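Asks: Attaching a single structure in structure tokens format; questions to follow.
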Amino acid sequence: MSTSYELLYFPLRGRAEPIRLLFATANVDFTNTPITNWPEFKPQTPLGQLPVLVERNESGERKIAQSMAIVRHLARVFDLAGKDEVEKTTADVAAETINDWRSKFAPVQFAAFMNTDKAVIEKYWSDLPATLRTLEGLLASCTWFGGGESPTYADVLAFDTLDNHMGTKPESLADFPKLRALHDRFRALPSVAAYLEKRA
Ligand SMILES: N[C@@H](CCC(=O)N[C@@H](CS)C(=O)NCC(=O)O)C(=O)O
-15 MSTSYELLYF PLRGRAEPIR LLFATANVDF TNTPITNWPE FKPQTPLGQL PVLVERNESG
45 ERKIAQSMAI VRHLARVFDL AGKDEVEKTT ADVAAETIND WRSKFAPVQF AAFMNTDKAV
105 IEKYWSDLPA TLRTLEGLLA SCTWFGGGES PTYADVLAFD TLDNHMGTKP ESLADFPKLR
165 ALHDRFRALP SVAAYLEKRA
């Protein structure tokens, strides 16, 4: 059964970017549809939120909400969830740790929009080394966060968050060579490099 994919999100990276990066990692085409008429469009979404993935195939159309449900669904379909039970669990542990980190970073990344208190921002940057040490500990001497020979969705999430830090405050990663190497390794994957080259 051939499936086509359409990703609906606001015209920004945000919660949709790990999904776009997952498509890039799997080298699977999708249609990226920016939503610019949100108040009218909202009632057409399953949970009144974006992102939404629309899958179409011979059986019909399915709309999937919740970014992490979409990420995990596509990771399973594209074989990016881990090769065996050990790799899957290792990737899940890393992914949850990275998600904890992502949710602390959001008020910093979107400080102007969220009107984040200065003290919250300062605490984020002073706590960050401990978070990054934990992540380097999880990566240990492995190439990828799942511990296997190829990337999993955990590496997609890690790359996206590392990349946002590279864009915001690259010096925050200076003392974390394993994470910087992972960022370089992931962005050098040919299909990812091609996506990043044309990314807005
Ligand atoms: N847990 C959800 C959160 C989705 C969410 O908060 N989406 C925001 C944009 S990032 C949204 O749709 N806001 C508009 C609204 O709620 O009306 C996910 O990860 O998909």
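Going by the working numbering, the residue at position 168 of the sequence shown is 152; the numbering climbs one at a time, nothing skipped. For each residue, glycine too, the CB sits at the ideal point set by N, CA and C. In this text the structure is predicted, and so the values were computed from the model without any measurement.
Going along the chain, which residues of its own chain have a beta-carbon closer than 8 Å to the beta-carbon of M(-15), five neighbours each way excluded?
Replies: Taking the first residue of the sequence shown as 1, we reach residue -15 at position 1. Excluding sequence neighbours, M(-15) sits near N41, E42 and S43.
Asks: So, using beta-carbon positions, are L(-8) and L58 closer together than 8 Å?
Replies: Mapped onto the sequence shown, residue -8 falls at position 8. Mapped onto the sequence shown, residue 58 falls at position 74. No; because the gap between Cβ atoms is not below 8 Å, this pair is not in contact.
Asks: Does the separation of the CB atoms of L122 and T81 fall below 8 Å?
Replies: Reading the sequence shown from its first residue, position 138 is the one you call residue 122. Reading the sequence shown from its first residue, position 97 is the one you call residue 81. The answer is yes: Cβ separation under 8 Å.
Asks: So what does DSSP say about T74, is it helix, strand or coil?
Replies: As a working mapping, residue 74 is identified with position 90 in the sequence shown. Of the three classes helix, strand and coil, the one that applies to T74 here is helix, per DSSP.
Asks: Is the CB of D68 under 8 Å away from at least one CB in chain C?
Replies: Annotation note: the requested chain C is absent from the structure, which comprises a single protein chain.
Asks: Reducing DSSP to helix, strand and coil, say where S125 ends up.
Replies: In the sequence shown, counting from the first residue as 1, residue 125 sits at position 141. Note: S125 maps to coil in three-state DSSP.
Asks: Using the Cβ count rule (16 or more neighbours within 10 Å means buried), how would you classify G32?
Replies: Position 48 of the sequence shown, counted from the start, is the residue given in the question as residue 32. Label assigned to G32: exposed.
Asks: Does the region 87 to 106 come close enough to the region 129 to 136 that 3 or more CB-CB pairs lie under 8 Å?
Replies: Counting Cβ pairs under 8 Å, fewer than three are found: no touch.
Asks: My guess is that L5 and D144 are in contact by the Cβ rule of under 8 Å, so how many angstroms apart are they, rounded?
Replies: Along the sequence shown, read from residue 1 onward, the residue named residue 5 stands at position 21. Along the sequence shown, read from residue 1 onward, the residue named residue 144 stands at position 160. Indeed they touch by this definition, with Cβ atoms about 6 Å apart.
Asks: Please state if the CB of L64 and the CB of Y137 are separated by a distance shorter than 8 Å.
Replies: Within the sequence shown, residue 137 is the residue found at index 153, counting from 1. Within the sequence shown, residue 64 is the residue found at index 80, counting from 1. In contact: Y137 and L64 (Cβ atoms closer than 8 Å).
Asks: In the DSSP output, what is N16 paired with across the bridge?
Replies: The residue given as residue 16 occupies position 32 in the sequence shown. Beta-bridge pairing links N16 to L(-9).
Asks: Just how far apart, CA to CA, sit E39 and A103?
Replies: Residue mapping note: residue 39 aligns to position 55 of the sequence shown, counting from 1. Residue mapping note: residue 103 aligns to position 119 of the sequence shown, counting from 1. One C-alpha to the other measures close to 43 Å.
Asks: Checking 8 Å against the spacing of the C-beta atoms, do V55 and P2 come in under that value?
Replies: Counting from one through the sequence shown, the residue named residue 55 turns up at place 71. Counting from one through the sequence shown, the residue named residue 2 turns up at place 18. Going by C-beta atoms, V55 is nearer than 8 Å to P2.
Asks: Got a sec, what are the start and stop residues for the beta strand (DSSP E) E39 sits in?
Replies: Counted from its first residue, the sequence shown places residue 39 at position 55. Segment V36 to N41, the beta strand (DSSP E) holding E39.
Asks: Report all residues from its chain with a CB closer than 7 Å to the CB of T9; omit the five preceding and five following residues, and keep chain order.
Replies: Residue 9 sits at position 25 when you count from the first residue of the sequence shown. If we look at T9 and ignore the five residues flanking it on each side, its Cβ neighbours are L64, P135, V140, L173, S175 and V176.
Asks: For a test of your reading of the model: does the CB of L34 fall under 7 Å from any non-hydrogen atom of ligand 1? Yes or no.
Replies: For the purposes of this step, residue 34 is taken as the residue at position 50 of the sequence shown. Yes - ligand 1 has a heavy atom lying nearer than 7 Å to the Cβ of L34.
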